[in-house]
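Asks:
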Amino acid sequence: MKQLSLLVCLLVTPAVVRADTIAFWRFGEKPAGQAAEVRGPIRDVSGFGNHGRLLGSAKYVRGMGFDGAAIQWNGSGMLEVPDAHVFDFQGDFTIEAMVRTEQQGSQYIFIRSGPGGEIWIRQHVKGGQAAAVAALVRSEQGTDMIVSGPRAISDGRFHHVALVRRVKGAAGAGELVLYVDGKPVASRQKPVNSGPTKISSLTSIGGLRESVSADVPEITRGWIGAIDFVRVSDTALDVPQFLGPDGTTAEKILAANRAPAVLARIQAVRPKTLPRPVRPPFNMDPAGNLGRFPRDFEPHVQLFVPDDQLGAIDPSPYKNLFPDALIHDFDGDGHKDIWTEKRFYRNTGKYRDGVPVFARFQDRPAPVLGRAIGDFDGDG
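Just so we're aligned, residue 340 is where the sequence shown starts under my numbering, counting upward by one.
1) Could you name the residues of the same chain whose beta carbon sits closer than 6 Å to that of K369, not counting the 5 residues immediately before and after it, in chain order?
2) For A512 and N686, I'd like the C-alpha separation in whole angstroms.
3) Along the chain, where does the beta strand (DSSP E) containing I538 start, and where does it finish?
4) Which residues in the same chain have their Cβ closer than 6 Å to the Cβ of Q411, if we skip the five residues on either side of it in sequence?
5) So for F683, helix, strand or coil by DSSP?
6) Quick test of your reading: V472 and L541, contact by CB under 8 Å. State the CB separation rounded to the nearest angstrom.
7) Run through DSSP, which three-state label would R496 get?
8) Who does E419 pair with in a DSSP beta bridge?
9) What are the complete beta strand (DSSP E) segments, minimum 3 residues, inside the region 417-471?
10) Could you check if P638 is buried or exposed, using at least 16 other CB atoms within 10 Å of its CB as the buried criterion?
11) Cα separation between A600 and G467?
12) Evaluate contact between the region 414-433 and the region 523-532, counting only Cβ atoms and requiring at least three cross-stretch pairs below 8 Å.
13) Just verifying my parser: in three-state terms, what is the DSSP assignment at P370?
14) Is it buried or exposed, G391, if we count other Cβ atoms within 10 angstroms and call 16 or more buried?
15) Let me confirm a value: R597 is counted as buried when at least 16 other C-beta atoms fall within 10 Å, else exposed. Which label applies?
16) Kindly identify the DSSP beta-bridge partner or partners of E514.
17) Between the Cα of H499 and those of V476, W562, R570 and Q480, spot the shortest distance and give me the residue it belongs to.
18) Throw me the rounded Cβ distance for the D431 and R504 pair, which I believe falls under 8 Å.
19) Does the beta-carbon distance from S543 to E419 come in below 7 Å?
20) In the DSSP assignment, the beta strand (DSSP E) including R401 goes from what residue to what residue?
21) When the Cα atoms are used, what is the spatial distance from A408 to D676?
22) Out of curiosity, what's the CA-to-CA distance linking A371 and V384?
23) So that I know if they touch, is there some Cβ in chain D lying closer than 7 Å to that of A600?
24) Cutting at 8 Å between CB atoms, please list the residues of its own chain near K759, excluding the five before and the five after it.
25) Quick check on DSSP: helix, strand or coil for K689?
Here you go:
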């Protein structure tokens, strides 16, 4: 009787729900036909919070048809995503994308490249041959590279590309498989890289930024064409599980990631937002029209660095140009303001062409600089 009860318990116990999809960029921020926002955000709809930011120029075009719009680059734009531990794959993984290009050159679809190694999928050209699709996984253990046949995707139509790593394949040994439109086009049995990948780098889609500046990015192997979506899973998907007309749907993927167990995992791995300190209220009233920024600061607009969309300003250059200028978040709204010797300019938190817009306030002298107390450089 006890054995029967145990069997019943095993049969009715629900399976543990896991999040296979740990990143999903659908590029649906705007309808097809509209230009992409310069340095605009791209949401990771998986729930894991791996949101990215566009670099360079891009526009939205019609996608494959089943998943809305796609992003289109001309080789001078890309998407950058901050590093996250969910991309340090412990074992199996799948990286898939829906892409379109007519170009024959070498260009990245997906890449993570750092001190600990690299993982990439790209259109690959070697030895004057027609462009193929290639994938690479490199670590301290060695390098695994697989290459498809020529002319795999460069025909101006959308193609599904996927890289799948199985630590234990059908025969018990690991395998690395590259798929195009659901068909295996290259593989490697018993790859040398079968363990955790700890690359510690940005995730880049559509190219790799070589320059330090994100405002004027120098992009290596930039994608020329459209990318409908990129999806990353921490499991080895089978072909019917790929996102596409003959596979699963975005709705099913997102529904699976809303399961309670998955939401608990997302909550555990997402970075925690620290509470902002309570600041005293600001009691100045604005007067006059909004200005782009003070005229005397115009030649130095490159010093405004709104990387975090909070109007971050490096005050050090201004100490030489304007010794009597204070740069600080005086009103406590999260955006740094400018207080010159005689005038106060409030950062409105709005941006034009990536530059913070300042509102001119009534003429008012700054406090005695020698007695001002504040974290003016924002370093704590």
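All residues carry an ideal CB built from backbone N, CA and C; glycine is no exception.
All values derive from a computational prediction rather than experimental measurement.
Replies: The short version:
1) Result list for K369: Y399, in chain order.
2) Between the alpha carbons of A512 and N686 lies a distance of about 59 Å.
3) Unbroken run through I538: none, as it is neither H nor E.
4) For Q411, where only same-chain residues beyond five positions count, the Cβ hits under 6 Å are K398, V400 and A565.
5) Note: F683 maps to strand in three-state DSSP.
6) About 22 Å; that fails the 8 Å criterion.
7) Coil at R496, not helix or strand.
8) Per DSSP, R392 and S543.
9) Taken in chain order, the whole beta strand (DSSP E) runs of length 3 or more contained in the region 417-471 are 417-420, 432-439, 446-453 and 456-463.
10) Only weak support is given to the placement of P638: the predicted model assigns it a pLDDT of 35, under 50, and the value that follows is read from those uncertain coordinates. P638 is exposed by the Cβ-count criterion.
11) A direct Cα-Cα distance of roughly 50 Å separates A600 from G467.
12) Contact annotation: the region 414-433 does not touch the region 523-532, with fewer than three C-beta pairs closer than 8 Å.
13) Look at P370 here: in three-state DSSP terms it is coil, with no helix or strand label.
14) Buried, because 16 or more other Cβ atoms sit within 10 Å of the Cβ of G391.
15) For R597, the number of other beta carbons within 10 angstroms of its own is below 16, and it is reported as exposed.
16) Per DSSP, R505 and Q528.
17) Residue R570 is the option with its Cα nearest to H499.
18) Between R504 and D431 the Cβ distance is about 6 Å, and since that is below 8 Å, they are a contact.
19) Against a cut-off of 7 Å, the Cβ pair of E419 and S543 comes out as a contact.
20) First-last of the beta strand (DSSP E) with R401: K398 to R401.
21) One C-alpha to the other measures close to 38 Å.
22) Put simply, the backbone Cα of A371 is about 19 Å away from that of V384.
23) The chain inventory of the structure shown lacks chain D, comprising one protein chain alone.
24) The requested residue 759 does not occur in the structure, where the chain is confined to residues 340 to 719.
25) Residue state, collapsed to three classes: strand.
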